[in-house]
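Engineer:
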Amino acid sequence: MTDLTPVISATWGLERSWNFDTYCANGGYEGATKSLKMAPADIIQAVKDSGLRGRGGAGFPTGMKWGFLPAPDGGPRYLVVNADESEPGTCKDIPTMMNSPHTLVEGVIITSFAIGCNHAFIYVRGEVVHVYRRVMKAVQEAYDNGWLGKNIQGTGFDLDVTVHAGAGAYICGEETALLDSLEGRRGQPRLKPPFPAVSGLYARPTVVNNVESIASVPAILNKGVEWFASMGTEKSKGMGFFSLSGHIKRPGQYEAPLGITLRELLEMAGGMRDGHELKFWTPGGSSTPMFTDENLDTPLDYEGVGAAGSMLGTRALQIFDETTCVVRAVERWTEFYKHESCGKCTPCREGTYWLTQILHRLEAGHGTKADIDQLLATSDSIAGRSFCPFGDGAVASIVSSVKLFREEFERHVDEAGCPFDHAKSALFDYSTSADSLTGADSLTGADPLTDAEEANA
Amino acid sequence: MTYDEKTSAKLATDAAAIMARYPVKRSGLLPMLHLVQSVDGHVSPDGIQFCAEQLGLTAAEISAVATFYTQYKRRPNGEYQVGVCTNTLCAVMGGDEIWRQVSERIGIGHDETNEDGTITLERLECNAACDYAPVMMVNWEFFDNMTPKKALTLVDDILAGKDIKPSRGADTVASFKEVSRVLAGFPDGRADEDQGVGEATLAGVEFAKHGAPAATLPAAAKAAPAAAKAAPAAAKAAPTAKSGRGKK
Chain G
-6 MTDLTPVISA TWGLERSWNF DTYCANGGYE GATKSLKMAP ADIIQAVKDS
44 GLRGRGGAGF PTGMKWGFLP APDGGPRYLV VNADESEPGT CKDIPTMMNS
94 PHTLVEGVII TSFAIGCNHA FIYVRGEVVH VYRRVMKAVQ EAYDNGWLGK
144 NIQGTGFDLD VTVHAGAGAY ICGEETALLD SLEGRRGQPR LKPPFPAVSG
194 LYARPTVVNN VESIASVPAI LNKGVEWFAS MGTEKSKGMG FFSLSGHIKR
244 PGQYEAPLGI TLRELLEMAG GMRDGHELKF WTPGGSSTPM FTDENLDTPL
294 DYEGVGAAGS MLGTRALQIF DETTCVVRAV ERWTEFYKHE SCGKCTPCRE
344 GTYWLTQILH RLEAGHGTKA DIDQLLATSD SIAGRSFCPF GDGAVASIVS
394 SVKLFREEFE RHVDEAGCPF DHAKSALFDY STSADSLTGA DSLTGADPLT
444 DAEEANA
Chain Y
25 MTYDEKTSAK LATDAAAIMA RYPVKRSGLL PMLHLVQSVD GHVSPDGIQF
75 CAEQLGLTAA EISAVATFYT QYKRRPNGEY QVGVCTNTLC AVMGGDEIWR
125 QVSERIGIGH DETNEDGTIT LERLECNAAC DYAPVMMVNW EFFDNMTPKK
175 ALTLVDDILA GKDIKPSRGA DTVASFKEVS RVLAGFPDGR ADEDQGVGEA
225 TLAGVEFAKH GAPAATLPAA AKAAPAAAKA APAAAKAAPT AKSGRGKK
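These protein sequences, in sequence, are chains G and Y. Just so you know, the first sequence maps onto residues -6 to 450 in my numbering. Just so you know, the second sequence maps onto residues 25 to 272 in my numbering.
(1) Say whether the region 150 to 163 of chain G touches the region 182 to 202 of chain G, bearing in mind that this needs 3 or more beta-carbon pairs closer than 8 angstroms, one atom from each stretch.
(2) Using a Cβ-Cβ cut-off of 6 angstroms (strictly less than) and excluding sequence neighbours within five positions of Val392/G, which residues of its own chain qualify?
(3) Could you check whether the Cβ of His234/Y sits closer than 8 angstroms to any Cβ belonging to chain G?
(4) Enumerated in chain order, which unbroken segments of the alpha helix (DSSP H) with a length of 4 residues or greater are wholly contained in the region 290 to 343 of chain G?
(5) Quick one: residues in its chain with C-beta nearer than 6 angstroms to the C-beta of Phe166/Y, no 5 flanking neighbours on either side, listed in chain order?
(6) Can you confirm whether Thr431/G, when its beta carbon is compared against all beta carbons of chain Y, has any partner nearer than 8 angstroms?
(7) Compare the C-beta of His66/Y against all C-beta atoms of chain G and say whether one is closer than 8 angstroms.
(8) Return the chain-ordered ranges of every alpha helix (DSSP H) run that is complete within the region 339 to 413 of chain G and spans a minimum of 4 residues.
(9) Just tell me which of Tyr16/G, Met304/G, Val191/G, Val122/G has its CA closest to the CA of Gly52/G.
(10) Evaluate Lys246/Y with the Cβ neighbour count: other Cβ atoms within 10 Å of its Cβ, from every protein chain shown; 16 or more gives buried, anything less gives exposed.
(11) Which chain Y residues sit within Cβ distance under 7 angstroms of Met261/G?
(12) Could you tell me which of Thr83/G, Lys30/G, Ile36/G, Asn75/G sits nearest to Ile312/G, measuring between CA atoms?
(13) I want to verify the contact list: residues of chain G whose CB lies under 7 angstroms from the CB of Gly71/Y, in sequence order.
(14) Would you tell me roughly how many angstroms separate the C-alpha atoms of Val0/G and Arg179/G, rounded to the nearest one?
(15) Determine the burial state of Gly377/G: buried for a count of at least 16 other Cβ atoms within 10 Å of its Cβ, exposed for fewer.
(16) From Leu172/G to Asp35/G, what does the alpha carbon distance come to, in whole angstroms?
(17) Restricting to Cα atoms, I'd like to know which of Gly80/Y, Asp168/Y, Arg98/Y, Gly102/Y is closest to Leu53/Y.
(18) Would you please verify whether the beta carbon of Val162/Y is less than 8 angstroms from any beta carbon of chain G?
(19) Please report how far the alpha carbon of Tyr423/G lies from the alpha carbon of Ile42/Y, in whole angstroms.
(20) Between Gly513/G and Pro33/G, what straight-line distance do the alpha-carbon atoms span, to the nearest angstrom?
(21) Quick one: which unbroken beta strand (DSSP E) runs of 3-plus residues sit fully inside the region 101 to 147 of chain Y? Chain order, please.
(22) My guess is that Ala162/G and Met117/Y are in contact by the Cβ rule of under 8 angstroms, so how many angstroms apart are they, rounded?
(23) Please tell me whether Ala249/G and Gly278/G are closer than 8 angstroms, where the distance is taken between their beta carbons.
(24) Mark Pro412/G as exposed unless 16 or more other C-beta atoms lie within 10 angstroms of its C-beta, in which case mark it buried.
(25) Kindly indicate the opening and closing residues of the alpha helix (DSSP H) around Val40/G.
(26) Do you know offhand how far Thr225/Y's Cα is from Phe234/G's?
(27) Could you work out which residues of chain G lie near Thr142/Y, taking near to mean beta carbons separated by less than 8 angstroms?
(28) Which ranges would you report for the beta strand (DSSP E) in the region 70 to 158 of chain G if only whole runs of at least 3 residues count?
(29) Take Ile270/G and list the residues in its own chain whose beta-carbon comes closer than 7 angstroms to its own, dropping the five residues that flank it on each side.
(30) Pair every Cβ in the region 103 to 120 of chain G with every Cβ in the region 174 to 189 of chain Y, then say whether three or more of these pairs are closer than 8 angstroms.
(31) Once DSSP output is grouped into helix, strand and coil, what is the label at Glu165/Y?
(32) Gly71/Y lies in the alpha helix (DSSP H); which residues open and close that run?
(33) Are the beta-carbon atoms of Arg50/Y and Gly177/G separated by less than 8 angstroms?
(34) Within 8 angstroms of any Cβ in chain Y, is that where the Cβ of Asp428/G sits?
(35) Pull up the DSSP beta-bridge partners for Phe235/G, would you.
(36) Note down the Cα distance separating Thr196/Y from Glu8/G, rounded to an integer number of angstroms.
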């Protein structure tokens, strides 16, 4: 049995855990104190040696990313923290910033010092106002206590931090879209290369890291590389959040060594809700191919999940029981991708639209078996054919669900409707009305599904 | 522009403060659009013109940005932006039914505002609180573990002009305009207001400490600052899993 390892979450729940005083009373800013006495190159080396990999989904080695910055040329270099947490199922950075924003601020200080940055940015999604309040306050407290501003702690190092609110666009979680957005533009991904390390914010060398990656840095510098690397598996070192949601007894944030399994996590979370069993789950948010109970013992590290045909992603484990219609689940995710596609690349913009149409039709019982193959064909025209990984993510749940649950798609055709009672998936009792099943607007009587179908006919 | 002199002067002062946060002033556009919403309740033509003048861009360039982001409203918004998450997880766990009942009660659909301008209703995409599904948001504060009954009470309270309290967040939900001003980067001094951490947030922390569910424990969490020390003890890191490991 793997034990949990609360590091970033260690102080959550303490009295005013988000305040500077509480943070300092519990070992806060010790990592920064040590780091500011080190040579920047040694900090980068330590983070490389720790094996820390990006916690925002892609898993790229963090220290290596920092090491990609070209040699200083006298011009500015930037750190941008990606706090635009929006991947469906992902809910780890928001509680981190809500409950211990100083962990992030301290990580920003250490990282900025290491890469030679004097102005860092924290790009927080706009739809979480209290989180934004807490991060702004933490930054202000850091200024008030000499941890930001000029000549930090007498070391001669200067750093300003700007906390920036987004405005509701999932795509801004993609690092180059985030940079465009931070420059005051529409958030659309850039073609890479050049990578942000060479030409990022304002075309200057820039490191973009996820909140959890940066928040992991203070503990690495404070407790040591060996301590960090003692957790996790051979190529996936350290701890990370596993965010459990769905039909389980105790959903929530479980900070554990990478390589833990769903079986272990489920045991801690009290198991599935009473009388129900696991049907499918996502290992890392809706952009990662889904798993079933076949994967209960798959080690949740980058290699283990990859070898099993999915991606560790953001460790957002959305867990669904046997009452859940997989077609309905995938239809809704696809609607999300259609809504959030930035529109820059045609396959993604047009493809997600047509996938949504087909899935609406299938879920409503108006589909044909040819539609199922069309889903796969259209998915194939999207994956790998766009600037950024959004398109790949958009089709992940479709392709994996057809592979795992094809007969369920076919039942929607054969039975001319969804074979599931949606009310049974809900956490409260209600009787399913025809309206809520088809998505008909109870006010106008308009049925978007039928309307769409007629428009297509 | 039709802003009166006082409003214009205040907007200009605030816009200058926003632009000063960035090495390149155009970076201030997103917060500036939030600022405009804090005055007009939406991104008005005046607001677009104002941003254009501040940044030396055309109104078309500002509009192009404003229309990209869903939080910028093109019509006067209600005082309360009420959102029901209908992304997959929340929808499946009851969000669809909550949406249906809320929409019926207020009598409006997605992205519509009721007649007296109290509520603008929205089908939300994932708001990063999946461990509290089904979730609603009001003016971007969290309302966790919702049921139709709780949702209807919430909506009725808003319609009756009562103050409403989020599950995790400030003591009361601020107005749409007030929240927009915070998002423009002007703190309202409410960061210390606290409705509690939430059970799901602490699920792992509590399990690590006691090996038992948070729900069955006394509220001792706030008293024990020793939590930080519990971490390295668990570093043995040898999961009992069998499949797919050690592949090279």
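Just so you know, even glycine gets a beta-carbon here, dropped at the ideal spot from N, CA and C.
Structural biologist: Answer, in terms of the structure:
(1) The region 150 to 163 of chain G vs the region 182 to 202 of chain G: no contact.
(2) Hits under 6 angstroms: Ser372.
(3) No, because no Cβ of chain G sits closer than 8 angstroms to the Cβ of His234/Y.
(4) The alpha helix (DSSP H) runs of length 4 or more contained entirely in the region 290 to 343 of chain G are, from start to end of the chain, 295 to 300, 319 to 333.
(5) These residues qualify, in order along the chain: Ala153, Pro190, Ser191, Arg192, Gly193.
(6) Any reading at Thr431/G is ruled out, since the residue's pLDDT is 48, under 50, leaving its predicted position unreliable.
(7) It does not; no Cβ of chain G falls within 8 angstroms.
(8) Counting only runs of 4 or more, we get 339 to 356, 362 to 375, 383 to 407.
(9) The residue with the shortest Cα to Cα distance from Gly52/G is Met304/G.
(10) Confidence in Lys246/Y is poor, its pLDDT being 40 and thus under 50, which makes the residue's placement unreliable; the coordinate value appears in the next sentence. Counting the other Cβ atoms within 10 Å of the Cβ of Lys246/Y gives fewer than 16, which makes it exposed.
(11) Simply Phe231.
(12) Of all alpha-carbon atoms in Thr83/G, Lys30/G, Ile36/G, Asn75/G, the one lying nearest the alpha-carbon of Ile312/G is that of Thr83/G.
(13) One finds nothing in chain G with a Cβ atom closer than 7 angstroms to the Cβ of Gly71/Y; even the nearest lies about 14 angstroms away.
(14) Looking at the two C-alpha atoms, the distance is approximately 36 angstroms.
(15) By the neighbour-count definition (other C-beta atoms within 10 Å, threshold 16), Gly377/G is an exposed residue.
(16) The straight-line gap from Cα to Cα measures roughly 28 angstroms.
(17) Of the candidates Gly80/Y, Asp168/Y, Arg98/Y, Gly102/Y, the one whose C-alpha sits nearest the C-alpha of Leu53/Y is Gly80/Y.
(18) Not an interface residue.
(19) Between the C-alpha atoms of Tyr423/G and Ile42/Y there is a straight-line separation of about 48 angstroms.
(20) Since the first residue of chain G shown is -6 and the last is 450, residue 513/G is not available in this structure.
(21) Those beta strand (DSSP E) runs which fall completely within the region 101 to 147 of chain Y and span 3+ residues are 104 to 109.
(22) So it is not a contact: roughly 25 angstroms between Cβ atoms.
(23) Result no, Cβ atoms of Ala249/G and Gly278/G do not sit closer than 8 angstroms.
(24) So Pro412/G ends up on the exposed side.
(25) Annotation: the continuous alpha helix (DSSP H) that includes Val40/G extends over 33 to 43.
(26) Going from the Cα of Thr225/Y to the Cα of Phe234/G covers about 11 angstroms.
(27) Chain-order list of chain G residues neighbouring Thr142/Y: empty, with the shortest C-beta distance near 18 angstroms, by a criterion of under 8 angstroms.
(28) Within the region 70 to 158 of chain G, the complete beta strand (DSSP E) runs of at least 3 residues are 71 to 76, 112 to 117, 153 to 158.
(29) Per the sequence shown, residue 270/G should be read as Glu rather than Ile. Beyond the five residues adjoining it in sequence on each side, Glu270/G comes within less than 7 angstroms, by CB distance, of Asp314, Glu315 in the same chain, given in chain order.
(30) By the Cβ criterion, the region 103 to 120 of chain G is not in contact with the region 174 to 189 of chain Y, since fewer than three pairs of Cβ atoms, one from each stretch, lie closer than 8 angstroms.
(31) The DSSP-derived three-state label of Glu165/Y is strand.
(32) That run of the alpha helix (DSSP H) goes 69 to 79.
(33) When the beta-carbon positions are compared, Arg50/Y and Gly177/G come within less than 8 angstroms of each other.
(34) Note that Asp428/G has pLDDT 47, beneath the 50 cutoff, so the model's placement of it is unreliable and no number is given.
(35) DSSP output for Phe235/G lists Tyr247/G as bridge partner(s).
(36) Taking the straight line joining both Cα atoms gives about 20 angstroms.
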